[in-house]
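What follows is one structure encoded as structure tokens, with my remarks underneath.
Residue numbers (full-length UniProt numbering): 1 to 294.
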């Protein structure tokens, strides 16, 4: 308030000094907050905080990020380079933009932050469909990753997965036998894919497959990577029942490669954010749809 009042009335040196002092105090307060993040979590925590800042904004300038987090421009450039290597952001002259296109390779870090509440609601609903003694396949998706945490009390249970995230979640869960599918490791999804993975799951049989995908357009589920699509198709062939978990934000969008028709799934679970007209159209076309509150 002080800075703007002097600047508008006089536009003299005193007004500029007051404005600069106000901005400097504001920066110090932000720096104090961020020092707590750095002290508690180190570079990893700093990059997570950086990502949390970028996701809602969509883009930012390097100088803006350096001022906001109280670090050097060199540190910002280093963090942005690592995020760019993970496929999360794209660096431009003097700044950075978030790579949010469904045609671009997303990463486990980026995807895990999208529609988090909706994904957990879908996971809780899906967990109600699992009974002790069954064998279930869980794919690599972050949505199904939420489901894994809700299965720790459903035992005995056999879980088949190629996701290292899910393996890590269940590794110490008593009463849960985890069968790990190997193959070609994809760091973007923190999971295994490819021929070896497909051959391994082809020798198994599960009661239910829980999976998700990138986008839905009309009656078609899409994904952006051919290798992932092939492995997901192999997972579908290995289960008696196929359930798709898909949050409402993914409807009305397309990706590069067709994965499956929605009618191929025994059940599609989504959240209440799906428009009523879209839900009615899916039901009319024979899709077995379950809508949960999120």
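Note that beta-carbon positions come from the ideal geometry of N, C-alpha and C, so glycine has one too. None of these values were measured; they are calculated from a predicted model.
Delimiting residues of the beta strand (DSSP E) encompassing residue 184
184-186
Cut-off 6 Å between Cβ atoms - residues of its own chain near residue 293, not counting five sequence neighbours on either side:
272
Counting Cβ pairs, one atom from each stretch, are 3 or more of them under 8 Å apart for the stretch 213-221 and the stretch 156-166?
no
What are the residues that DSSP puts in a beta bridge with residue 150?
Answer by DSSP bridge pairing: none, since residue 150 is not bridged.
Residue 236 burial status per 10 Å Cβ neighbour count (16 or more: buried)
buried
For residue 223, does the three-state DSSP call read helix, strand or coil?
strand
For residue 227 and residue 129, the rounded distance between their alpha carbons
29 Å
To the nearest angstrom, how far is the alpha carbon of residue 151 from that of residue 190?
20 Å
Start and end of the beta strand (DSSP E) containing residue 242?
239-245
Identify the continuous beta strand (DSSP E) that holds residue 116 and give its terminal residues.
Per DSSP, residue 116 belongs to no beta strand (DSSP E); it is in the alpha helix (DSSP H), 116-127.
Alpha carbon to alpha carbon, how far is residue 218 from residue 181? Give it in angstroms, no decimals.
32 Å
Any idea if residue 79 is buried or exposed, counting beta-carbon neighbours within 10 angstroms, 16 or more meaning buried?
buried
Taking its Cβ as the centre, do 16 or more other Cβ atoms sit within 10 Å of residue 318, making it buried, or is it exposed?
Because the chain here runs from 1 to 294, residue 318 falls outside it and cannot be looked at.
What do you get for residue 242, buried or exposed, if any count of 16 or more other CB atoms within 10 angstroms of its CB means buried?
buried
Please state if the CB of residue 232 and the CB of residue 380 are separated by a distance shorter than 8 Å.
The structure shown has nothing for residue 380, since the chain only spans 1 to 294.
Where residue 99 falls: helix, strand or coil (DSSP):
coil
Provide the residue(s) that pair with residue 75 in DSSP beta bridges, ordered along the chain.
Partner(s): none; residue 75 has no beta bridge.
Simplified DSSP state of residue 143, which is helix, strand or coil
helix
Out of 246, 83, 262 and 184, state which residue places its alpha-carbon closest to the alpha-carbon of residue 230.
184
Could you give the C-beta distance for residue 127 and residue 157, rounded to a whole number, given that I count them as a contact under 8 Å?
Not quite, the Cβ-Cβ distance comes to about 11 Å (not below 8 Å), so this is no contact.
Contact set for residue 173: own chain, Cβ-Cβ below 6 Å, skip 5 residues either direction:
152
Is the CB-CB distance between residue 234 and residue 208 below 8 Å?
no
Spatial distance of residue 91 from residue 170 (CA atoms):
36 Å
Beta-carbon within less than 7 Å of residue 89's beta-carbon, same chain only, minus the 5 sequence neighbours each way: which residues are those?
54, 80, 83, 96, 97, 98 and 99
Using the C-alpha atoms, what's the distance from residue 142 back to residue 193?
16 Å
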